[in-house]
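Peer 1: Position 248 (the sequence shown) corresponds to 1379 in this note's numbering; numbering is contiguous.
Shown below is the structure under consideration.
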Amino acid sequence: MPLPELTAEEHAIYAWQMWVPGMGEDGQRKLKAASVLISRVGGLGGLVALELAAAGVGKLVLAHSGELQPSDLNRQLLQTHDHIGKPRMESIVRRLRELNPRCEIIGVPENVSAANADSLVAQADIVVDAAPLFQERLALNAAAVRARKPMVECAMHTLEASVTTFVPGKTGCLACYVPDVPPTWTRQFPVFGAVSGTAACLGAMEVIKLITGIGETLCGQMLSMDLATMQFRKVRLPKRADCPVCHGFAT
């Protein structure tokens, strides 16, 4: 299918990023043609969505349930104080459309689960995992492997954050190094919005690189960050031969 053309308005909006070496008009047209699913659109996923909408991705499918709580406001920058007690997705969709009315926004007021993961993944080219619970993460991972779609994994806790990219048939998957839900993990944990935002911006850049082909992705590697000490390191992730999710998978 041919890439969509850019309008005069889009040329004006995206001119500066089209100057990036290797990007050009073709790269921007690839962004316009692309679709991305984001699981949870809070302090982490919300910033991923914001950056991708600003960059000109053509379609965002956003999955997140529940109503806005006061404790969300230190990090969920797509929300506003007057929206407390109302469905989060209403504010998420409204604010992204205000930023980029050319981007198709599909808001799904559900969290990812084993029951809906396949249907959600089917709506996008690339998947972003920004969920706080491993039940959601592992369900999304399995669906992405089944659909043979790349998944950008973004996570944070306290002052630490990490980002990696899984590509079915080329790398292992999330279940290779987190095969089961950690028994002590809970939804509530210490969080600064700036830490979530750091992981989010890096995750959004991973998506942009996957779509356009510029730069090098974290495919098969995890970038770990300790923002307390500003130490960053990359480690290669295992591809388990006995992984029940991606074992024997080939592109």
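Where a beta carbon is used, it is the ideal one built from N, C-alpha and C, also for glycine.
If you're wondering where the values come from, they're calculated on a predicted model, not measured in any experiment.
DSSP three-state label for H1288, please.
Peer 2: strand
Peer 1: Figure out for me which residue from S1355, T1343, G1197 has the closest Cα to the Cα of G1153.
Peer 2: T1343
Peer 1: Taking only runs of the beta strand (DSSP E) that begin and end inside the segment 1207 to 1275, which ones reach a length of at least 3 residues, in chain order?
Peer 2: 1235 to 1239, 1257 to 1260
Peer 1: For A1253, collect the residues of the same chain with a Cβ closer than 8 angstroms to its Cβ; drop the 5 residues on either side in sequence, then sort them by chain order.
Peer 2: A1278
Peer 1: Three or more C-beta pairs under 8 angstroms: does that hold for the segment 1229 to 1246 against the segment 1193 to 1206?
Peer 2: yes
Peer 1: Please work out which residues of its chain come closer than 8 angstroms, Cβ to Cβ, to A1180, disregarding the five sequence neighbours upstream and downstream, and give them in chain order.
Peer 2: I1169, V1172, L1191, L1193, L1209, I1223, L1227
Peer 1: Per DSSP, M1356 forms a beta bridge with which residues?
Peer 2: A1292, F1363
Peer 1: Could you spell out where the alpha helix (DSSP H) holding I1339 opens and where it closes?
Peer 2: It spans 1324 to 1343 - the alpha helix (DSSP H) in which I1339 sits, taken as one unbroken run.
Peer 1: What are the boundary residues of the alpha helix (DSSP H) that K1163 is part of?
Peer 2: Taken as a continuous stretch (DSSP letters only), the alpha helix (DSSP H) holding K1163 covers 1155 to 1164.
Peer 1: Check whether the Cβ atoms of V1258 and P1281 sit closer than 8 angstroms, and answer yes or no.
Peer 2: yes
Peer 1: Determine the extent of the alpha helix (DSSP H) in which A1143 is found, giving its start and end residues.
Peer 2: 1139 to 1149
Peer 1: Under 8 angstroms between the Cβ atoms of C1377 and V1283?
Peer 2: No, they are not a contact pair.
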